[in-house]
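Down below is the structure, laid out as structure tokens.
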Amino acid sequence: MYATKNVRPRSSLSTDDNHRIKDTTRVHKKSPSNTVLTLVAFCVFLLVLCTFLLGALVYVGKNIAEEHQKQQASTAGSLTVFNDTVRTIYVDRDQLLSTKPILSVLSDNRAYTTQVPTTRKVHAMAAISPEIRAVSRVLQKLTYRLPKALQPQKYKLDLRPDFNAKSYTGNISIYLQVLDPIAFIPVHINQLNVSHGQLQRLDDSGAPLAEIKPTLSFAHPDLEYWVSEFDQPLEVGNYTLHLKFNGSLVDRLTGMYQSSYYDSLTNRSRHIISTKFEPTYARRAFPCFDEPHLKAQFVITVARPSGNEYHVLSNMPVASEHNEGDLTEVTFEETVPMSTYLAAFVVSDFAHISKKIGGTNIDISVFAPKAQISKAQYALDTGAGVIEYYIDMFNISYPLPKLDMVAIPDFVSGAMENWGLVTYRETALLYDEKTSSSANKQRVATVVAHELAHQWFGNLVTMKWWNDLWLNEGFASFIEYKGVQYMHADWDMLNQFVIDELHPVLRIDSTLASHPIVKTIESPAEITEYFDTITYSKGASLVRMLENLVTEEKLKNATTRYLNRHIYSTATTEDYLTAVEEEEGLDFDVKQIMQTWTEQMGLPVVEVVKDGNNYRLKQKRFLANQDDYNVEVEPSSFNYRWSIPITYITSADSTPKTTIFNYNDNQLVISVPSTVSWVKFNKDQVGYYRVNYAEEQWKTLLEALKNSREDFSTADRAHLLNDANALADAAQLDYTIALDLSTYLEEEKDYVPWSVGTASLTSLRNRVYYTSLYKNFTTYARKLLSPIVEKLTFTVGTDHLENKLRNKVLNAACGVGHESSLQQAATLFQQWLTNPDTRPNPDVRDVVYFYGLQEVNTEAAWDQVWELYLSEPDAQEKVKLMSALTAIKVPWLLHRYINLAWDEKNVRRQDYFSLLGQISANPVGQSLVWDYVRENWEQLVERYGINERTLGNLIPTITGRFATQTKLEEMQQFFAKYPEAGAGTAARQRALETVKANIKWLELNQSQVGKWLANYVQQAAVSNRIN
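For what it's worth, UniProt numbering labels the leading residue of the sequence shown as 1, then goes sequentially.
Below, the structure is given as structure tokens:
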């Protein structure tokens, strides 16, 4: 999510400019005449000083007044008389400028300001002016949360965007209830100018009774409010608030914004207008009560250019169109009750394809630029099939009369689940078998399945407040895998969940920078930051664990009950767990178990010790950095212990057994028959915990893997690899055990475990890249990879998982210098450059582009790929080319790329941070990007906004490979220089923890890993001589 930050001109007065009078006269005896002369001189001095100060005050006051007049002229209706009778005041919590004669000169982020906290300044001035006293009273009552006394019922919204001016005007009527007497009404606005307002009291039938004029209205940019204050508290009853406003359509990808795309059919640029309101950006498009629990109905009218070229889409079907000359007003049917963040509209010239959702009369459609519409069929078929599956799963019909999915060229998120009008990045919706890889196809399927799951989880029933966001995102992230599994049973999606969702979040949740999935948040920055891997993937992993605990059928029944109970309303975590507990036949306390997972951050490691036929289990919090165990941590009511659903299989019985390891028990003892040779805990890694065995049990499991790996599911094999590496990295397992375990991969043939294997190799490569271990590491990695690389080669087949596996292992092999793979990549690359029409197969294309350019490594080749990138119309192909350009090993070319990417004509704003991250992954580019970001931080903040999480997340991305004290100190100095982190606060902490852990890893493991690698290479050499 991106936003611009308004630059405030500095005050003409500052504390640094104040004159200080220092008494430097010496004390000595004076005669009476000297005393008189001294007094006369002193009086003259005071007179001159007072005259000077008075003149200065007049001069400053005159300049302030002139500046105020300029601001009034430049902001049109921003600083106006409310209803032509009430003075308008702009208040900023941190900055305020006002004088007795110029009451309304308060900051709207452009006026001159003093560096005085608003609240204190307002209270200090309260005695001067009744208006200031009114502001002071209201400020004391305002927080980030809206008053509970106000309940919106309906919005009538009329918007008139202007493509040429890149701005828009709007009118809104908010029908609301006053539930308790209240003397002021705050509505959310952000970067909007309100020019007129009117409040009307309504009778029970909705007819207007009387107009109620506010005594004062003001904007509060810090809390993002427009506030109207009244002489007397408003009585309980119905009201309509009418507001006129205007806003900009440029320099952002949130709220309502204008973007463009190149139409290859007409060879010209085309403009579109689209929206992105989640989580708190509806207020950037129109004044509203922008909190998720304040659901209301919407009647939306959007004007478009007249004629047949453009059309408008919104949540509901079109109700009417009215031609007004150059513009045509398009009004849509009234929506069902919904949260403000789900409203949406798109003005475009896109084409579309449609079909009926099976068993219904509802149209599902995909809209895309005319030149791209041929790539929409797969998403259309997937969407229709997944919707049918969800209707059956939830036993609740899709509630709207239509469902549109739109490919937006400039879109900050992967997609957005607006009710009835789902918007996507082009790469997440469009699929072309000629240009798209198997991974591209799966991404389209999973993103579509995720967003359509939200039509129930999030739209039909919404979390009451953002602290329960996991109810939206966790459920959708879990259910998407079931939806895609339904569409593609051969994709092994339920096991892919382990590598795509569970493993990444376990790594993040093992740091002190994590957070509970349910926590108190209030500000927009905190809310935005909450859209992270913990909320999405941990939430999904806990739903998966809960389903395994209570059974799939019971969870499905509970989910349907929950949705029906809270339909068109909001709910909390407590509400969902209550619905689950109501299922019959559960012999454990679901709420008690789940509270240990939702109300505290982190995860446990279950330590297993074999004692005859008994296995003794203990638990403790798992932390990735050993030093963190000595750090004072955030208190937890459960003392960082969990009620853990323990599952296990044995060498004698592959049917999983389940028991609960309660958080307040010291240990759990499990007995097995004497014939059992091994026990594997956490079957299919359905539980959100790690398992550490005693050394002998690890060796026994390794022997079983090598002798009969099919006794373990693909998820179990991936689990053993992932846990062993994570435990070794955290100094809780001898590193030789993890490395010994990895050697079984020479016999592995499946995608899911190899995905963990390649990730582990990449991680180890990054750790030893700048050490003497690197040479032996590459020998070890090439030996593990050679069998599977030789089996798969660059020749692509039709099997989806095999194609994904091929891409994984070829990327890994080239990354460690596998000679034949690099030669083949370079050959295919040069053939392509010679004849760009003969492109490599999409499933190896990114490997060929990236490593081919890296091998050729010339300016001429880079320039040729750059030109192909600029002219490429396909979004997925463009991403592959953009990534390939980061592979070059020439520093000045990478520096040029960074500079070229700043121009949004070259690299879309949505892709900029991804590009910087990829350049930083290149050892040649790592320091270049870090230096660039430090030197240009203020420009980055100005363009993207400090409260946008994408900027904050850039820091851990580009510093994640740092492993020296020097780099750590550079980061600390950078954070000290720019202490305001906004929505990147946790990201900064995570970045520091990662670098500290990297330093600690080398300190603890470099010697041991070096010895193991040297021994492995020596044994491999002996084996090669024998063979």
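The beta carbon of each residue, even a glycine, is placed where N, CA and C say it ideally should be.
query	result
May I ask you to report which of helix, strand or coil DSSP gives T24?	Legend: pLDDT at T24 = 31, less than 50; position of this residue unreliable, no value from coordinates given.
Are M545 and Y688 touching if we call contact CB-CB under 8 angstroms?	yes
Under 8 angstroms between C-beta atoms, does T779 make it to chain D?	No chain D is present in this structure, which holds just one protein chain.
Would you kindly check if the distance between the Cβ of S314 and the Cβ of F332 is under 8 angstroms?	yes
Consult DSSP for G237 and reduce its assignment to one of helix, strand or coil.	strand
Measure the beta-carbon distance from residue 1032 to A296 and round it to whole angstroms, keeping in mind my assumption that it falls under 8 angstroms.	Outside the shown range of the chain (1 to 1027) lies residue 1032, about which nothing can therefore be said.
Between K464 and the rest of its own chain, which residues show a CB-CB distance below 8 angstroms, the 5 nearest in sequence each way excluded?	P292, H293, T570, A571 and T572
Return the chain-ordered ranges of every alpha helix (DSSP H) run that is complete within the stretch 751–810 and spans a minimum of 4 residues.	751–768 and 774–792
Run through DSSP, which three-state label would S514 get?	coil
List in chain order: all unbroken alpha helix (DSSP H) runs of 4+ residues lying wholly within the stretch 965–1023.	965–977
Where does M882 sit, in a helix, a strand or coil, going by DSSP?	helix
For F974, which residues from the same chain have a beta carbon less than 7 angstroms from its beta carbon, with the 5 sequence-adjacent residues on both sides left out?	R934
Let me know the secondary structure DSSP gives residue 1030 once reduced to three states.	Shown here, the chain extends from 1 to 1027; a query on residue 1030 therefore has no answer.
Can you tell me whether D837 is buried or exposed? The criterion is at least 16 other CB atoms within 10 Å of its CB, across all chains shown.	exposed
Compute the distance between the beta-carbons of K620 and V605, then report whether it is under 8 angstroms.	yes
In the DSSP output, what is Q619 paired with across the bridge?	V606
Report back the beta-carbon spacing between S260 and R270 to the nearest angstrom; my notes put them in contact at under 8 angstroms.	6 angstroms
Note down, in chain order, each residue of its chain lying with its Cβ closer than 6 angstroms to the Cβ of S920, except the 5 sequence neighbours on either side.	Q926, V929 and I958
Going by DSSP in three states, residue 1033 sits in which element: helix, strand or coil?	As shown, the chain starts at 1 and ends at 1027. That puts residue 1033 outside it, with no answer to give.
Among residues of its own chain, excluding the 5 on either side of N1005, which ones have a beta-carbon nearer than 6 angstroms to its beta-carbon?	Y735
Put S651 into one of helix, strand or coil per three-state DSSP.	coil
Considering only C-alpha positions, which residue in the set H322, P147 and L223 is nearest to E526?	L223
Please name the residue in R949, P221 and N899 whose C-alpha comes closest to that of S530.	Position check: residue 530 holds Tyr in this sequence, whereas Ser was assumed. Considering only alpha carbons, the answer is R949.
Can you give me the C-alpha to C-alpha distance between E696 and S651, rounded to a whole angstrom?	15 angstroms
Should T254 be labelled buried (16 or more other beta-carbon atoms within 10 Å of its own) or exposed?	buried
According to the Cβ coordinates, are I357 and A384 closer than 8 angstroms?	yes
Please state whether DSSP places Q151 in a helix, a strand or coil.	strand
Just verifying my parser: in three-state terms, what is the DSSP assignment at T551?	coil
Identify, in the order they occur along the chain, each residue of the same chain with its Cβ nearer than 7 angstroms to the Cβ of D290, setting aside the five sequence neighbours on each side.	H188, T280, A282, R283 and T340
As a quick exercise: from N922, T598 and N625, pick the residue whose alpha carbon is nearest that of S643.	T598
Are the beta-carbon atoms belonging to N811 and V847 less than 8 angstroms from one another?	yes
Just to confirm before moving on: does the CB-CB distance between F277 and A343 stay below 8 angstroms?	yes
Judging by CA-CA distance, which residue of E993, F829, I272 and E229 is the nearest neighbour of F350?	I272
Identify which residue in V484, D162 and W456 has its Cα closest to the Cα of Y257.	D162
Could you check what DSSP says for L142 in three-state terms: helix, strand or coil?	coil
Using DSSP with H/G/I as helix, E/B as strand and the rest coil, what is G325?	coil
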